[in-house]
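Take 1 as the starting number for the sequence shown in the UniProt record's numbering and just add one per residue.
Here a beta-carbon is modelled for each residue, glycine too, at the ideal position from N, C-alpha and C.
Beneath this line is the structure, given in structure tokens, with notes to follow.
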Amino acid sequence: MAQSAEEIPARLKKIDTIVDCDFHVTERQEDILPYLPEPWSNVFGRSKGDDYGFLSSLYPSAGLINPITTGKVQSESVRSKEEAQVGIDLIHSDKVVITPTLNLYLGCVRNEEVAAALAHAYNEWLLDTMIDTDRGMYGAAVVAPQKPQKAAEEIDDRASEDGIAAVFFPSGGISPLAGAEKYYPIYEAAEANGLPVMMHNASGNMMTAFPRAFADLTRFISSHVVAHPMMHMCNMADMITRGVPVRFPDLNFVVQEAGLGYIPYFMRRFDHEYHSKKEDAPMLEAEPSEYIRRNFSFTSQPIEGTGEPEYVDSMVRLMGGEDNLMFSSDYPHLDFDYTDEMMNLLPSFDVDELNNVYGQNALETFDF
Numbered sequence: 001m002a003q004s005a006e007e008i009p010a011r012l013k014k015i016d017t018i019v020d021c022d023f024h025v026t027e028r029q030e031d032i033l034p035y036l037p038e039p040w041s042n043v044f045g046r047s048k049g050d051d052y053g054f055l056s057s058l059y060p061s062a063g064l065i066n067p068i069t070t071g072k073v074q075s076e077s078v079r080s081k082e083e084a085q086v087g088i089d090l091i092h093s094d095k096v097v098i099t100p101t102l103n104l105y106l107g108c109v110r111n112e113e114v115a116a117a118l119a120h121a122y123n124e125w126l127l128d129t130m131i132d133t134d135r136g137m138y139g140a141a142v143v144a145p146q147k148p149q150k151a152a153e154e155i156d157d158r159a160s161e162d163g164i165a166a167v168f169f170p171s172g173g174i175s176p177l178a179g180a181e182k183y184y185p186i187y188e189a190a191e192a193n194g195l196p197v198m199m200h201n202a203s204g205n206m207m208t209a210f211p212r213a214f215a216d217l218t219r220f221i222s223s224h225v226v227a228h229p230m231m232h233m234c235n236m237a238d239m240i241t242r243g244v245p246v247r248f249p250d251l252n253f254v255v256q257e258a259g260l261g262y263i264p265y266f267m268r269r270f271d272h273e274y275h276s277k278k279e280d281a282p283m284l285e286a287e288p289s290e291y292i293r294r295n296f297s298f299t300s301q302p303i304e305g306t307g308e309p310e311y312v313d314s315m316v317r318l319m320g321g322e323d324n325l326m327f328s329s330d331y332p333h334l335d336f337d338y339t340d341e342m343m344n345l346l347p348s349f350d351v352d353e354l355n356n357v358y359g360q361n362a363l364e365t366f367d368f
């Protein structure tokens, strides 16, 4: 049900600080191109491109037919501080962590040098246009997984910038998976700079990571149901089995926008497999679920099963959500969540636990 920015639900008045951990800008290619370094600014100087619906030739399009790409639903534009403030007022957030939309597809860009240049350009635009800590607008510095060493340099350059609270790792569509040694420079730089690594997919990312499955999932709904949790589970399984949390014990990964129910399943299935095949993961010193609880946090949107509060409450309990779940709206995407929706679905949570989920867990995770 729609809410106005003026209507602050009474339940939210119990919350000390509301942090939205997945608040999207809707950057367009035309916003990014002026910030491209040479030689790419000259090469792409006259390129045009739309945002989330139909991607440009630089960002590959998955050809998905959904309410945005058909024009049936118009997503709100968030390309200025003023437009961001509209969403912040609607969500009643005290702080937001700004994440991209177009650059969700950065991991699918085929030219690795172009990918690194686009990440750099986006971060320049983000700092110039969107970051405003006085208004609670923080950002995550985007890196190109195709060029890990350049990504590490980008992290080192951005970490000291006021308002950069995290690293954004566009994990959907990457090859190899996120546990590969190739990505260690990214993790080393993030850990050294005290920044968490945010991992985010888009359903169209399946086109590069799982092309055969994506080719057979010919409807948006079928790909959207499985893409986000499937890609996250593949990446987390690879990371934990290869010992990434052991190598980088002080690094926190923020897993975004895949729902809730897959998390307790994944933790328990992983533990079950580990106890019979420990030789496959010789670096691990504890059960996989322990590393998930220790080194991984999860954002809330989209919450499935909203008609069954007992289901949602039990899933969040089973994943240890009082300590590792963080509120996110996904604003302005068409299926974004209002702030008080989750509160109605966690009847067993006391005020302190709700404060953790809505703000305290994020305050302890991000570099605000």
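My guess is that residue i and residue j are in contact by the Cβ rule of under 8 Å, so how many angstroms apart are they, rounded?
| i | j | result |
| --- | --- | --- |
| Leu-260 | Met-198 | With 8 Å as the limit, Leu-260 and Met-198 do not qualify as a contact, their Cβ atoms being about 17 Å apart. |
| Phe-210 | Ala-237 | The Cβ separation is near 14 Å, so there is no contact. |
| Asp-89 | Ser-328 | About 17 Å separates the two Cβ atoms, so there is no contact after all. |
| Ile-25 | Ile-91 | Reading off the sequence shown, one finds Val at residue 25, where the question assumed Ile. Contact flag wrong, Cβ pair sits at about 14 Å. |
| Ala-189 | Phe-168 | Going by Cβ atoms, the distance from Ala-189 to Phe-168 rounds to 13 Å, so no, they are not a contact pair. |
| Phe-336 | Gln-360 | With a Cβ gap of about 22 Å, Phe-336 and Gln-360 do not count as contacting. |
| Ser-93 | Asp-20 | 4 Å |
| Val-96 | Tyr-138 | 7 Å |
| Leu-325 | Val-351 | Leu-325 to Val-351, Cβ: 16 Å. No contact. |
| Tyr-122 | Ile-32 | 6 Å |
| residue 370 | Glu-76 | Since the displayed the chain opens at 1 and closes at 368, residue 370 lies outside it and no answer follows. |
| Tyr-187 | Leu-251 | 6 Å |
| Ala-166 | Asp-367 | 7 Å |
Can you find the residues in the same chain that come closer than 6 Å, C-beta to C-beta, to residue i, ignoring five residues on each side of it along the sequence?
| i | result |
| --- | --- |
| Val-254 | Pro-196, Met-198, Ser-297 |
| Ala-116 | Ala-144, Lys-147, Lys-150 |
| Ser-314 | none |
| Ala-2 | Because the pLDDT at Ala-2 is just 44, under 50, the model does not fix this residue reliably, and the value given afterwards should be weighed accordingly. Hits under 6 Å: none found. |
| Phe-349 | none |
| Gly-194 | Asp-367 |
| Thr-299 | Cys-21, Asp-22, Gln-256, Met-326, Ser-328 |
| Tyr-311 | Gly-305 |
Span of the alpha helix (DSSP H) holding residue i?
| i | result |
| --- | --- |
| Thr-99 | Not the alpha helix (DSSP H): Thr-99 falls in the beta strand (DSSP E), residues 95 to 99. |
| Tyr-311 | 309 to 318 |
| Thr-129 | 112 to 129 |
| Phe-214 | 211 to 216 |
| Val-43 | 40 to 43 |
| Val-351 | 351 to 355 |
| Ile-32 | 29 to 32 |
| Asp-157 | 148 to 158 |
| Tyr-187 | 184 to 192 |
Residues in the same chain with beta-carbon distance under 7 Å from residue i, minus the five sequence neighbours each way, listed in chain order, please.
| i | result |
| --- | --- |
| Arg-11 | Asp-340, Met-343 |
| Gly-107 | Pro-145, Pro-170, Ser-171, Gly-172, Gly-173, Ile-174, Asn-205 |
| Ala-84 | Val-78, Met-130, Met-137 |
| Val-316 | Leu-260, Leu-325, Leu-346 |
| His-120 | Pro-37, Glu-154 |
| Ala-159 | Asn-193, Leu-195 |
Quick check on the DSSP output: the beta strand (DSSP E) that includes residue i runs from which residue to which?
| i | result |
| --- | --- |
| Met-239 | That residue, Met-239, is in no beta strand (DSSP E); its alpha helix (DSSP H) goes 220 to 241. |
| Tyr-138 | 137 to 142 |
| Ala-165 | 164 to 169 |
| Ser-297 | 296 to 299 |
| Val-109 | Looking at the DSSP string, Val-109 is not in any beta strand (DSSP E), and its letter there is neither H nor E. |
| Phe-253 | 253 to 255 |
| Met-283 | No beta strand (DSSP E) contains Met-283, which DSSP labels as neither H nor E. |
| Val-197 | 197 to 199 |
DSSP three-state call for residue i: helix, strand or coil?
| i | result |
| --- | --- |
| Ala-84 | helix |
| His-24 | strand |
| Phe-270 | helix |
| Thr-133 | helix |
| Leu-55 | At Leu-55 the pLDDT is 45, less than 50, meaning the model places this residue with poor confidence; the figure from the coordinates comes in the next sentence. It is coil, neither helix nor strand. |
| residue 382 | Residue 382 cannot be examined here, being either before or after the span of the chain that is shown, 1 to 368. |
| Leu-104 | helix |
| Met-1 | In this predicted model, Met-1 has a pLDDT of only 36, less than 50, meaning its place in the structure is not dependable; the value taken from the coordinates is given anyway. Met-1 falls in the coil class under three-state DSSP. |
| Leu-325 | strand |
| Met-342 | coil |
| Asn-361 | helix |
| Ile-18 | coil |
| Ser-77 | coil |
Ordered along the chain, which non-local residues of its own chain (more than five positions away) have a Cβ less than 8 Å from that of residue i?
| i | result |
| --- | --- |
| Leu-354 | Lys-14, Ile-15, Met-343, Leu-346 |
| His-232 | Ser-171, Met-199, Asn-201, Val-255, Ala-258, Tyr-262 |
| Tyr-291 | Ile-240, Pro-245, Val-246, Leu-284 |
| residue 369 | It is not possible to answer for residue 369, since the shown part of the chain is limited to 1 through 368. |
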